[in-house]
Amino acid sequence: MQIFGVDIGGSGIKGAPVDLGRGDLAEERFKVLTPHPATPDAVADGVKDVVDHFGWSGPVGITFPGVVTGGSTIRTAANVDKSWIDTDAGALLGERIGGLPVTVLNDADAAGVAEMQFGAGKDRSGTVILLTFGTGIGSALFIDGELVPNTELGHLELNGHDAEKKASTKAKDDNELTWEHWARRVTKYLAHVEMLFSPELFIIGGGVSRKADKFLPLIEGITAEIVPAQLQNNAGIVGAAMRAAKLAP
12 MQIFGVDIGG
22 SGIKGAPVDL
32 GRGDLAEERF
42 KVLTPHPATP
52 DAVADGVKDV
62 VDHFGWSGPV
72 GITFPGVVTG
82 GSTIRTAANV
92 DKSWIDTDAG
102 ALLGERIGGL
112 PVTVLNDADA
122 AGVAEMQFGA
132 GKDRSGTVIL
142 LTFGTGIGSA
152 LFIDGELVPN
162 TELGHLELNG
172 HDAEKKASTK
182 AKDDNELTWE
192 HWARRVTKYL
202 AHVEMLFSPE
212 LFIIGGGVSR
222 KADKFLPLIE
232 GITAEIVPAQ
242 LQNNAGIVGA
252 AMRAAKLAP
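12 is the number of the first residue of the sequence shown in my numbering; add one for each residue after it.
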């Protein structure tokens, strides 16, 4: 069974049909740049471009970098335009892609759902936290395999700042940090999250998971096991499609 997934990020909007039997992309993903400002109408046009590229007709799952309630309504917008807040994203995006059935969920939650089903979290019980490092820091919290949605742990205060302002991949790039310096910031952040939640496992996702060998060996003093996401930066697309599969007849 194939379902379409779209992952809206702070820098790019990417999507592809997903083979839900394998938990992997059925075709090479297509990506467009996230517009700036990332207003609802502009982002909706980007989503349309991605869906139209494949000539897709059927349910579509779409991730969003913020809190999403009821499978549609946007409550926060840290790394896109603030005009998203209180937008009915399901209605807007569904209309823009020709009335196809749409469901919307938090981007990190989508990545986490995929990793728990097909990737690094498969068959893991207890408390598992997936963290996506990119434009910001997204989080997905699981307790015995059940998702606690919209945790937004990237906005925990760390040394007087939103944690993602200091420890995201964007912070690394903007401040031209070495892997060693950035790993120290990530270590402080993980220690703070571990103090609050005592997880058995951290899964590190986002685009930087492709370079896990550059920084994971530098992280020390964390009790929980730390592993890279197996689906890497495709996890959000896969998780979005998994959620949208519930809309299929």
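Backbone N, C-alpha and C define an ideal beta-carbon position, used for all residues, glycine too.
As assigned by DSSP and simplified to three states, the class of residue i
i: Thr234; result: coil
i: Phe208; result: helix
i: Gly21; result: coil
i: Lys176; result: helix
i: Pro264; result: Residue 264 falls outside the range modelled here, since the chain spans only 12 to 260, and no answer is possible.
i: Ile96; result: coil
i: Thr114; result: strand
i: Gln241; result: coil
i: Gly216; result: strand
i: Ile248; result: helix
i: Glu187; result: coil
i: Val91; result: coil
i: Gly109; result: coil
i: Gly82; result: coil
i: Thr162; result: coil
i: Trp67; result: coil
Pair within 8 Å by beta-carbon distance, residue i and residue j
i: Gly147; j: Gly21; result: yes
i: Asp118; j: Asp30; result: no
i: Gly16; j: Ala252; result: yes
i: Thr189; j: Gly218; result: no
i: Val71; j: Ala255; result: yes
i: Ser220; j: Asn244; result: yes
i: Val91; j: Val43; result: no
i: Gly130; j: Leu36; result: no
Own chain, CB closer than 6 Å to residue i, minus 5 neighbours either side, in chain order
i: Ile140; result: Leu152, Pro210 and Phe213
i: Arg40; result: Lys25 and Ala27
i: Glu236; result: Leu212
i: Gly250; result: Ala121, Ala122, Val124 and Ala125
In DSSP terms, what residue i is bridged to
i: Ser150; result: Leu142
i: Asp35; result: Asp30
i: Leu262; result: In the structure as shown, the chain starts at 12 and stops at 260, and residue 262 therefore has no counterpart that could be examined.
i: Leu227; result: Leu227 pairs with nothing; no bridge assigned.
i: Gln13; result: Asp30
i: Glu157; result: Ile154
i: Leu132; result: Note that residue 132 is Gly in the sequence shown here, rather than Leu. Looking at the DSSP assignment, Gly132 forms no beta bridge with any residue, so it has no partner.
i: Phe41; result: Gly26
i: Gly72; result: Gly16 and Thr114
Local Cβ density within 10 Å of residue i, reported as buried at 16 or more and exposed below that
i: Gly145; result: buried
i: Pro48; result: exposed
i: Gly132; result: buried
i: Ala121; result: buried
i: Lys257; result: exposed
i: Glu163; result: buried
i: Ser83; result: buried
i: Ser68; result: exposed
i: Ala88; result: buried
i: Ala102; result: exposed
i: Met12; result: exposed
i: Gly165; result: buried
i: Leu104; result: buried
i: Thr114; result: buried
i: Asn74; result: First, the amino acid is wrong: residue 74 is Thr here, not Asn. Result: buried.
i: Pro51; result: buried
8 Å Cβ cutoff, residue i in contact with chain C
i: Asn186; result: Absent from the structure: chain C. Only one protein chain is present.
7 Å Cβ shell around residue i - same chain, five flanking residues per side excluded
i: Thr234; result: Glu205
i: Ser136; result: Asp155 and Gly156
i: Lys183; result: Trp193
i: Asp99; result: Ser83 and Thr84
Close-in-space but distant-in-sequence residues of the same chain around residue i (CB under 8 Å, 5 per side omitted)
i: Ile230; result: Ala194, Val197, Thr198, Leu201 and Ile237
i: Arg107; result: Ala55, Asp56, Val58 and Lys59
i: Asp185; result: none
i: Val61; result: Val17, Ile24, Lys25, Gly26, Phe41, Lys42 and Val43
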